[in-house]
Amino acid sequence: MATTRAAQQRARAKADYDAFLAVCPSRQLLDRISDKWVVLVLCALGGDAGPRPDAPRALRYSELARLLAGVSQKMLTQTLRSLERDGLLTRTVTPTVPVTVCYELTDLGLSLHRMTREIRYWAQDHMGEVLAHRDAHDAS
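Just so we're aligned, residue 1 is where the sequence shown starts under the UniProt record's numbering, counting upward by one.
Structural data, given as structure tokens:
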């Protein structure tokens with residue numbers, strides 16, 4: 001009987017987080033991680049900025065702002081706060097003059113970074129093909 005109950009609990013838990021259901025809370029997380037700034041922040045903190053991937057590292061706010069060309073101060077701040085709230089990164093404040101604030105991926109953030117890195121690579125590798133398809137579609 002306990003096995004049936006455990007199986008029922010697993011089935012319920014699985015149903016509770018079915019992103020295809022309109023009321024599923026995991027949709028909020030999908031919205032968050034599908035944002036371009038989230039992907040780029042995760043890749044930057046994961047050490048993927050630049051031509052050669054490196055090890056994950058802590059970065060100061062100003063370093064992130066320089067790496068993420070085009071991000072506004074407001075958008076970067078909102079993105080970092082939301083990622084910290086979700087447990088994907090940590091924010092460390094060092095009392096120096098001026099104050100130093102660093103951001104670093106948590107283990108949860110690192111696990112998501114591995115996937116977002118592949119999405120970023122795919123986008124960079126296939127952008128030429130996508131542009132050609134867009135041109136062909138627009139010409140017809």
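All residues carry an ideal CB built from backbone N, CA and C; glycine is no exception.
8 Å Cβ cutoff met for residue i and residue j
i      : j      : result
Arg32  : Val41  : no
Arg60  : Cys24  : no
Thr94  : Glu104 : no
Pro56  : Leu110 : yes
Leu64  : Leu83  : no
Thr106 : Leu88  : yes
Three-way DSSP call (helix, strand, coil) for residue i in this model
i      : result
Leu110 : helix
Tyr103 : strand
Thr96  : coil
Leu89  : strand
Asp31  : helix
Cys24  : coil
Residue i, buried or exposed, once every other Cβ within 10 Å from all chains shown has been counted against 16
i      : result
Thr79  : buried
Ala22  : exposed
Ala49  : buried
Thr116 : buried
His113 : buried
Ala136 : exposed
Leu30  : exposed
Cross-strand partners of residue i (DSSP beta bridge)
i     : result
Arg60 : Cys102
Val71 : Answer is none; Val71 lacks a bridge partner.
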